[in-house]
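Below is one structure, written out as structure tokens; comments come after it.
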Amino acid sequence: MKLATLLTQYLYVHHRLDLPGIGSFILDPAVASQLATARPNQLLTDGIQFEYNPSLPESPELIAYISAQSGKMKALASSDLESHIQLAHQFLNIGKPFHFEGIGTLTRLKPGEFEFIADPLQAPDRKKESQSRESNKNSTKEEQSPRYESFLTETKPSQGWRKPLIALLVLAGLGLAVWGGYAISKKSRQPKEEVVNETPVQNNTLPLADTTTKQVTDSIPPVPVATPATNDLYKYVLEVSNQKRALKRYNQLRTNLWDVKLETKDSVSYKLFVLLPGADTTRIADSLTVFLGRRVYIEK
2 MKLATLLTQY LYVHHRLDLP GIGSFILDPA VASQLATARP NQLLTDGIQF EYNPSLPESP
62 ELIAYISAQS GKMKALASSD LESHIQLAHQ FLNIGKPFHF EGIGTLTRLK PGEFEFIADP
122 LQAPDRKKES QSRESNKNST KEEQSPRYES FLTETKPSQG WRKPLIALLV LAGLGLAVWG
182 GYAISKKSRQ PKEEVVNETP VQNNTLPLAD TTTKQVTDSI PPVPVATPAT NDLYKYVLEV
242 SNQKRALKRY NQLRTNLWDV KLETKDSVSY KLFVLLPGAD TTRIADSLTV FLGRRVYIEK
């Protein structure tokens, strides 16, 4: 479900939506009671008001609601909300109106002064809601009751395990990729260490006075120094954002033991990326995209 739809649902349920850095959208309780008794799909106007308050902090209740409804972790839900608010700020700062779906349109007239035009409120179709509740109730009963089925009946696989399994596969893939890169780099350093250890033994045979031994030693060709093969590392760009968001995501991923790196060229755009060996790059990029909820691309 889209984030804009979740914000609208949260406002309808809690009658108040606090967005950090912007302000609060307030649903009139009287209009909310009218929605409960109105005809299905009936439109009501002038039910939402806006209060400008740029110092509002992030609402833990809103993050928990988005996480529960979307199935994402709270850190990813917070990141999605922050991206949505940044997009709204970009529109408002250049004087363009920004439309909050199902809530209204907000326009910045001048610093500290905004114009808000509320969207009409649509009464829910309670018949459809009751049908959906009954279907959910029946499905819950079926899950709780024991299932005595014939051995000829084909069981339907559960789909609730897909997201945890995908996350586990992504983490396992990253772990194998990091371990493989470390093992290959360690193996590539071993020939050089062996050559260095053999060098003192060869030098100790030079001072011998026996001319025969000296001629034999001089006839042995020098041992070529084996240079370790360089393994190309691919830069997987996780996100490009401003300094505040980049530092926040950097700390979150570091907390989860990701070997993430941060770079910037102009102190405006910051790039979060990881370096991994070039083995099945397409699969790794797709797995990172599914896990992070953002498009991950490769920058050589």
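This note's numbering puts the first residue of the sequence shown at 2, with every later residue one more than the last.
Yeah, the Cβ is synthetic: ideal placement off N, Cα and C, and Gly gets one too.
For residue i, does the count of other Cβ atoms within 10 angstroms reach 16, so buried, or fall short, so exposed?
i, result
"residue 247", "buried"
"residue 205", "Any reading at residue 205 needs caution, since the residue's pLDDT is 47, under 50, leaving its predicted position unreliable; the model's value is listed next. Per the 10 Å Cβ criterion, exposed."
"residue 38", "exposed"
"residue 295", "buried"
"residue 176", "exposed"
"residue 297", "buried"
"residue 255", "exposed"
"residue 34", "exposed"
"residue 167", "exposed"
"residue 31", "exposed"
"residue 258", "exposed"
"residue 9", "buried"
"residue 19", "buried"
Thinking C-alpha only, which one of the options is nearest residue i?
i, options, result
"residue 240", "175, 261, 166", "261"
"residue 49", "59, 12, 181", "12"
"residue 3", "68, 249, 170, 263", "68"
"residue 59", "82, 77, 98, 53", "82"
"residue 5", "66, 33, 52, 56", "66"
"residue 264", "244, 255, 283, 256", "244"
"residue 96", "186, 115, 234, 85", "115"
"residue 186", "173, 167, 233, 77", "233"
"residue 271", "257, 258, 162, 251", "251"
"residue 104", "16, 284, 77", "16"
"residue 118", "26, 284, 293, 235", "26"
"residue 113", "55, 100, 299, 21", "55"
Any idea what DSSP makes of residue i, helix, strand or coil?
i, result
"residue 119", "strand"
"residue 7", "helix"
"residue 81", "helix"
"residue 62", "helix"
"residue 16", "coil"
"residue 230", "Model confidence at residue 230 stands at a pLDDT of 39, short of 50, so the residue's coordinates are unreliable; what they give is reported in the following sentence. Looking at residue 230 - three-state DSSP - the assignment turns out to be coil, as it is neither helix nor strand."
"residue 258", "coil"
"residue 96", "coil"
"residue 248", "helix"
"residue 214", "Confidence at residue 214 is low in this model, with a pLDDT of 42, below 50, so its placement is unreliable and no value can be given for it."
"residue 86", "helix"
"residue 181", "helix"
"residue 105", "strand"
"residue 189", "helix"
"residue 111", "strand"
"residue 28", "strand"
"residue 169", "helix"
"residue 75", "helix"
"residue 23", "coil"
Q: Please confirm if the region 285-294 is in contact with the region 102-109, defined as three or more CB-CB distances below 8 Å between the two stretches.
A: By the Cβ test, the region 285-294 is not in contact with the region 102-109, since fewer than three Cβ pairs between them sit closer than 8 Å.
**Q.** Any 3 or more C-beta pairs closer than 8 Å across the region 173-185 and the region 266-279
**A.** Touching, yes, given that three or more Cβ pairs across the two stretches are closer than 8 Å.
(Q) Taking contact to mean 3 or more Cβ pairs, one atom from each stretch, closer than 8 Å, check whether the region 60-77 and the region 86-99 are in contact. (A) The region 60-77 vs the region 86-99: no contact.
Q: Note down, one range per segment and in chain order, each beta strand (DSSP E) of at least 3 residues found wholly within the region 253-297.
A: You should have 262-265, 271-278.
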